[in-house]
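To keep things clear, I will list the structure first and then write my remarks on it.
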Amino acid sequence: MAPDAADPVDAFADRIFASALGAFETLSVHLGDRLDWYRILAERGSLTSSELAEAAETGERYTREWLEHQAVSGILAVDDPDAEASARRYSLPPAHAEVLTDDESLAYLAPIARIVASAAAQLPGLLDAARTGGGVPWASFGKDMRDAQGDINRPWFDRQLAGALASVPELDAVLSRPGARILDVGCGHGWSSLALARAYPEAVVDGVDVDGPSIESARAHADEAELADRVTFHLDGGEALAEEDAYDAAFIFEALHDMPNPVEVLAALRRVVRDDGAVVIMDEAVAERFAPDGDEVERIMYGYSLLVCLPDSLSTPGSVGTGTVMRPETLEGYARSAGFASAEVLPIEGFASFRFTRLHA
């Protein structure tokens, strides 16, 4: 499309068309990720459609169509565009391979395609939920969504969390106490809990989450990391925790906005964490206030909220329905209602698109 930029109708039509291009490319990335096409190209180099299809055990015709789509989209390189279709050789540039296949890289974004695909699959349920005010529970989004959520955050926890926490001396001192007990609420696949245990080798970490399959995965990851003696995982939402002063510190990593009852969960943390301990919430670094000219962080967080997080939260009767775009004053309001005196944004910057907030007793 080549609209007249001076015509607002054409300009907006062009924007919607560009969004459709991005949507199709994102879904094609999902195919390349889940069918191992990217991984095989990254490992073996230049391949024809037949060679890739044989290696991936996929149909040649689908494989060829995907390769051609990826080439015209600028994701793959092609050796000789003028060659016969069956003879063309395609390769994955190294920079693109890091983003699409290196699950230890901070630039790893293949999971975001899985998130989009999983969200799109639930659109019929979301349509019904929007009409009734109900929700779409997390379990409905399936294994791809669950795994993608863990995979996209894992490199940041593995590579950056220890340094981020150590950069705040008062917090580091709490976590470094001999025999410190640390609670991780909404732990998911357990990557945050394991990162805490590695960073503070004298600490014991308890991870809790309401999703059974995630807890099973977390336990397996603890076994694989040989940390099961210091990191344990429990099926629990956190709001019923009752043992007073049981923990030195508690964290909620990118989960408070999903919880249907955030005040009750924070009140439990106020109860179980010692007054001289630390309660830290890591959540999305959205703007302080709504504005119609929001940046890309605002735009993607509203997308997550509308299609995933808000429907999940509203699937629980009585949910407050926070959504992904949890403004700082909303978090502080929850904290004060839960018995905390104040909320302090910690000087941790450059940790993906997250903000760390410490709640003070």
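Under the UniProt record's numbering, think of the first position of the sequence shown as 1, with each following residue one higher. Note that the Cβ used here is the ideal one computed from N, Cα and C, for glycine as well.
| Check | Outcome |
| --- | --- |
| Close-in-space but distant-in-sequence residues of the same chain around Gly135 (CB under 6 Å, 5 per side omitted) | Ala129, Pro311, Leu314 and Ser315 |
| Gly212 to Val279 span [Cα, whole Å] | 25 Å |
| N-terminal and C-terminal residue of the alpha helix (DSSP H) that Tyr302 is part of | Glu296 to Tyr304 |
| Any 3 or more C-beta pairs closer than 8 Å across the region 170–184 and the region 196–203 | yes |
| Beta-ladder partner(s) of Gly207, from DSSP | Asp184 and Phe233 |
| Closest by C-alpha distance to Pro260, when choosing among Cys309, Val272, Gly45 and Glu329 | Cys309 |
| Coarse secondary structure for Leu346, derived from DSSP in three states | coil |
| Stretch-stretch touch, CB-based, cutoff 8 Å, three pairs: the region 222–230 with the region 250–259 | no |
| Any 3 or more C-beta pairs closer than 8 Å across the region 255–274 and the region 335–353 | yes |
| Contact between the region 59–66 and the region 91–107 (3+ Cβ pairs under 8 Å) | no |
| Leu359 (DSSP reduced to helix, strand or coil) | strand |
| Nearest residue (CA-CA) to Ser73, options Leu41, Gly22 and Leu109 | Gly22 |
| Cβ contact check for the region 108–123 and the region 136–149: 3 or more pairs under 8 Å | yes |
| Residues sharing a beta bridge with Leu47, DSSP | Tyr90 |
| DSSP state of Val29 mapped onto helix, strand, coil | helix |
| Terminal residues of the alpha helix (DSSP H) in which Asp172 lies | Pro169 to Leu175 |
| Own chain residues within Cβ distance below 6 Å of Val210, not counting five before or after | Gly237 |
| Ser105 and Pro169 closer than 8 Å at C-beta | no |
| Residue 401 versus Ala97 - alpha carbon distance | Only positions 1 to 361 of the chain appear in this structure, which leaves residue 401 out of reach. |
| Cut-off 6 Å between Cβ atoms - residues of its own chain near Leu127, not counting five sequence neighbours on either side | none |
| Status (buried if at least 16 other CB within 10 Å, exposed otherwise) for Gly186 | buried |
| Leu76 to Leu241 span [Cα, whole Å] | 51 Å |
| Alpha-carbon to alpha-carbon, Asp275 and Gly32 | 50 Å |
| Under 8 Å between C-beta atoms of Ala55 and Ile40 | yes |
| Neighbour flag for Trp66 against chain B, beta carbons, 8 Å | The structure shown contains no chain B, having only a single protein chain. |
| Cβ contact check for the region 293–304 and the region 227–234: 3 or more pairs under 8 Å | no |
| Paired residues, beta bridge with Gly251 - DSSP | Checking the sequence shown, residue 251 turns out to be Phe, not Gly. Phe251 pairs with Asp184 and Val280. |
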